[in-house]
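Here the structure is laid out as structure tokens; the discussion comes afterwards.
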Ligand code: G6P
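In the numbering used here, the protein residues as written are 505 to 1253.
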């Protein structure tokens, strides 16, 4: 209350001061205006009388003067008249001038000397009187004086009115100030503070699990954010301590963020980790007048970000967001995640031509279809290859600058965009420990052999100390490829290649997701599956029994069209599910600059429309295709609400959507339909493993999923979650880093 009172008193004091100053100036100017107006009126009147009075005054005709005065005062009883001769003797006067109380002598003399009218005020019996004294002239000679009096009390009344009105205004203003201050203080200060206090108390007592709900832009917002982060950290620390304790109790080999951090510190000391990838983990983009930070879609970012968050270090990536430049410092760096930084992101800038040739061209029209067997022909252009080499060199320079002062730095290169980088780094820094992880499949030698620059790519890769693939099968394909195209010594027992005194180890490291996720104490309201389902159904205007979900970058390798065909076949074969089952596809447009991807967007849309047209009824449609970049929260809600998730890739290194779906199902319900052509199918045996090209098999898998008993769904999901629990992304990183840091390297290569 103290602050409210202080605010009110200060505001009223200022308002009073301002009102007083303004009122004073208003009164003064009104006074001046009314006085001038009255003087003008009196002088005009005096002038008009001068002729009429002069004649009888000169001819000494008091009768005529008397008549004139009587006539005039009859007409205007509020004006007093007195006429004096040239010697200052009273000649005649009206009855409403009291000579015993008013003195005009001084004014008569002064007006005669100055030969002009004089204006004055006098108070008689408490009434303000205006006195106007004017000389009477004939032929330039002063023959007497005329005095006109007016009752001027109305001037004071008018001025008092002004003071009164302004005072009433001030009272109203003060009242409004009091009400407004009380409301603002209650809404914006005491209310939110009480809310935060209640919320903190609830958190302390473990009763609340959601973030405090302050209105957007509230002044306490920054404070609430900081407290939220603090509480979140405490909760995370508490949760990971609990997991660690459980782990010790169960003597399980579960990997957690905390354990990875400790492990990396133990393995590599205080060395930094350097990650290089094309796609950045945090991208700044312009939306109207604001800048938004988005997390790009794709498995690479999903997997590596949690590791960098727990181990720290520097991640070098292409700055591809349209607001990336203004969000970095002069060294092209920024700390991420923006709301709670854990590591450094260094952005590399590419020209349009470089992006076109290296990213769209050689990486995504060349190597991507070369490594994915999906019957999309790779395109190899010489100019793209030139840009690919140039950009690899650009990233090598950016990295070399970072590691200049670090001995035996630990470098984790990501993916097919940087096949030449191991060579470019090792040739300058043979002491560096370099691993490259190939997130996508590696084809057999026949398929790979069509690449015109296969030797350069293989030599670039072999400069690494460690090459990681998702599964053993891709390691075998790689060694077969080396065997076919390069002269080298392959050790099939320890899976290594020796060439010119340098040994490269080739090993499978199946990538995964951060699981079990340490649930923060505060997360956007945790809703039960039923509530979520109802909400999602309402959002999409659905009234169905069963819900399916698919989450993909719109890429021809993901088998989205095959999936839709499988759904079409399902309704053909099992029409009893019409109006009972719908499928939501959350598709993020990707690489749309490439014609094949651009055309695919239209193809996917067209296929969904065709199937919808065929089966839809007035109140239902089979496929809801939501083409947009969806954030993690939206994706998670759909995972949790669905009965089944479909992953039907035609060829996929791992596919983290499958693992994310399983990780999201803490209710141990829901089924996964998974393509046999994904790396994930080698681990998640309790999914319905299908051949996406076989639409009957897909249709049957959907039916089996929907008709399976809860008990069986539950057992399958529990088994898949057990696999993930053990083989999570922390284990992946720990294995990769451990293997790399223990390799004996030849520093003179
Ligand atoms: C795959 C690749 C990643 C890539 C991701 C998204 O998962 O292995 O390297 O980042 O797709 O593709 P994009 O071209 O958008 O980076």
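Beta carbons: idealized from backbone N, C-alpha and C, even for Gly.
Can at least three beta-carbon pairs, one atom from the stretch 1076-1092 and one from the stretch 1113-1124, be found at a separation below 8 Å? yes
Limits of the unbroken alpha helix (DSSP H) element including residue 800: One-based indexing of the chain shown puts residue 800 at position 296. First-last for residue 800: undefined, no H or E at that position.
Cβ of residue 783 versus every heavy atom of the ligand G6P: is any distance shorter than 6 Å? Here residue 783 is taken as the residue at index 279 of the chain shown, counted from 1. Indeed, a heavy atom of the ligand G6P lies less than 6 Å from the Cβ.
Identify whether residue 499 lies in helix, strand or coil by the three-state DSSP scheme. Residue 499 falls outside the range modelled here, since the chain spans only 505 to 1253, and no answer is possible.
Simplified DSSP assignment, three categories, for residue 947: Taking the first residue of the chain shown as 1, we reach residue 947 at position 443. Three-state DSSP puts residue 947 in coil, outside helix and strand.
Under the three-state DSSP convention, the category residue 638 falls into: As a first step, residue 638 must be located in the chain shown, where it is residue number 134. The answer is strand: DSSP assigns residue 638 an E or B state.
Just to confirm, does residue 1064 get its C-beta within under 6 Å of one of the non-hydrogen atoms of the ligand G6P? To locate residue 1064, count along the chain shown from 1; it is residue 560. It does not: the Cβ of residue 1064 is nowhere closer than 6 Å to a heavy atom of the ligand G6P.
Cα-Cα separation between residue 550 and residue 527, rounded to whole angstroms: Here residue 550 refers to the residue found at position 46 of the chain shown. Here residue 527 refers to the residue found at position 23 of the chain shown. Cα to Cα, residue 550 sits roughly 34 Å from residue 527.
I want to check one thing, is the minimum distance from the CB of residue 803 to the heavy atoms of the ligand G6P below 6 Å? Position 299 of the chain shown, counted from the start, is the residue given in the question as residue 803. Residue 803: yes, Cβ under 6 Å from the ligand G6P.
By the DSSP assignment, the beta strand (DSSP E) with residue 1012 in it spans what residues? Here residue 1012 refers to the residue found at position 508 when the chain shown is read from its first residue. 1006-1012 is the extent of the beta strand (DSSP E) around residue 1012.
Measuring only the C-alpha atoms, how far is residue 1173 from residue 1042? Within the chain shown, residue 1173 is the residue found at index 669, counting from 1. Within the chain shown, residue 1042 is the residue found at index 538, counting from 1. If I take the Cα positions, the gap works out to 22 Å.
Close-in-space but distant-in-sequence residues of the same chain around residue 927 (CB under 6 Å, 5 per side omitted): Against the chain shown, residue 927 aligns to sequence position 423. Once the five neighbours on either side are set aside, the close Cβ partners of residue 927 are 964 and 967.
Taking the CB atoms as reference points, tell me whether residue 852 and residue 899 lie closer together than 7 Å. Walking along the chain shown from the start, residue 852 turns up at place 348. Walking along the chain shown from the start, residue 899 turns up at place 395. Cβ atoms of residue 852 and residue 899: closer than 7 Å.
Taking the alpha carbon of residue 629 as the reference point, which residue from 604, 614, 615 and 639 has its own alpha carbon closest? Within the chain shown, numbered from 1, the residue matching residue 629 stands at position 125. It is 604 whose Cα lies nearest to the Cα of residue 629.
Residue burial classification, residue 995 (beta-carbon count within 10 angstroms, cutoff 16): As a working note, residue 995 is residue 491 in the chain shown. Exposed, since its Cβ has fewer than 16 Cβ neighbours within 10 Å.
For residue 888, the first and last residue of its enclosing alpha helix (DSSP H): Numbered from its first residue, the chain shown carries residue 888 at position 384. Per DSSP, residue 888 belongs to the alpha helix (DSSP H) from 886-907.
Between the CA atoms of residue 540 and residue 558 - distance to the nearest angstrom: Locating residue 558 in the chain shown gives position 54, counting from the first residue. Locating residue 540 in the chain shown gives position 36, counting from the first residue. For residue 558 and residue 540, the distance between alpha carbons rounds to 26 Å.
Kindly give me the distance between the Cβ atoms of residue 1112 and residue 1074, rounded to whole angstroms, as I take these residues to be in contact under 8 Å. For the purposes of this step, residue 1112 is identified with residue 608 of the chain shown, where counting begins at 1. For the purposes of this step, residue 1074 is identified with residue 570 of the chain shown, where counting begins at 1. Actually they are not in contact, since the Cβ atoms of residue 1112 and residue 1074 sit about 14 Å apart, beyond 8 Å.
I need the straight-line Cα distance from residue 843 to residue 1212, nearest angstrom please. In the chain shown, residue 843 corresponds to position 339, counting from 1. In the chain shown, residue 1212 corresponds to position 708, counting from 1. Whole-angstrom Cα-Cα distance: 43 Å.
Between which two residues does the beta strand (DSSP E) holding residue 593 run? On the chain shown, residue 593 is found 89 positions in, with the first residue counted as 1. Looking at the DSSP string, residue 593 is not in any beta strand (DSSP E), and its letter there is neither H nor E.
Does the Cβ of residue 717 have 16 or more other Cβ atoms within 10 Å, making it buried, or fewer, making it exposed? For the purposes of this step, residue 717 is taken as the residue at position 213 of the chain shown. Exposed.
Look at residue 1234 and residue 819 and say whether their C-beta atoms are less than 7 Å apart. On the chain shown, position 730 is the one that residue 1234 refers to. On the chain shown, position 315 is the one that residue 819 refers to. In this structure, residue 819 does not lie closer than 7 Å to residue 1234 by Cβ.
Report the rounded CA-to-CA distance for residue 984 versus residue 1014, giving the unit in angstroms. Counting from one through the chain shown, the residue named residue 984 turns up at place 480. Counting from one through the chain shown, the residue named residue 1014 turns up at place 510. Cα to Cα, residue 984 sits roughly 20 Å from residue 1014.
Return yes when at least one heavy atom of the ligand G6P lies under 6 Å from the C-beta of residue 1094, else no. In the chain shown, residue 1094 corresponds to position 590, counting from 1. At least one heavy atom of the ligand G6P is nearer than 6 Å to the Cβ of residue 1094, so yes.
Once the 5 residues before and after residue 775 are set aside, which same chain residues still bring their CB inside 8 Å of it? Here residue 775 refers to the residue found at position 271 when the chain shown is read from its first residue. Excluding sequence neighbours, residue 775 sits near 910, 912, 913 and 914.
Who are the Cβ neighbours of residue 943 in its own chain at under 8 Å, not counting the five residues just before and after it? By 1-based counting over the chain shown, the position of residue 943 is 439. These residues qualify, in order along the chain: 803, 804, 918, 919, 920, 974, 1015, 1157 and 1158.
Grouping DSSP H, G and I as helix and E and B as strand, with all else coil, what is residue 626? What you label residue 626 is simply residue 122 of the chain shown in a count that begins at 1. In the structure shown, residue 626 sits in a strand (DSSP, three-state: E or B).
The ligand G6P heavy atoms versus the CB of residue 788: any closer than 6 Å? Here residue 788 refers to the residue found at position 284 when the chain shown is read from its first residue. Flag unset: Cβ of residue 788 not near the ligand G6P.
To the nearest angstrom, report how far apart residue 880 and residue 1154 are at their CA atoms. As a first step, residue 880 is located in the chain shown; it is residue number 376 there, counting from the start. As a first step, residue 1154 is located in the chain shown; it is residue number 650 there, counting from the start. Approximately 11 Å between the Cα atoms of the pair.
Whole runs of the alpha helix (DSSP H) within the stretch 517-601, excluding any shorter than 4 residues: 566-579
Any heavy atom of the ligand G6P inside 6 Å of the beta-carbon of residue 919? The count along the chain shown starts at 1 and reaches residue 919 at position 415. For the ligand G6P, at least one heavy atom lies less than 6 Å from the Cβ of residue 919.
Let me know the secondary structure DSSP gives residue 706 once reduced to three states. The residue given as residue 706 occupies position 202 in the chain shown. DSSP places residue 706 in helix when its eight states are reduced to three.
Throw me the rounded Cβ distance for the residue 637 and residue 611 pair, which I believe falls under 8 Å. The residue you call residue 637 lines up with position 133 of the chain shown. The residue you call residue 611 lines up with position 107 of the chain shown. Right, their Cβ atoms sit about 4 Å apart.
Quick test of the definition: if touching needs 3 or more C-beta pairs under 8 Å, does the stretch 1003-1014 touch the stretch 1046-1058? no
Of all the options 701, 1136, 742 and 837, which has the alpha carbon lying nearest to the alpha carbon of residue 731? Residue 731 sits at position 227 when you count from the first residue of the chain shown. The residue with the shortest Cα to Cα distance from residue 731 is 701.
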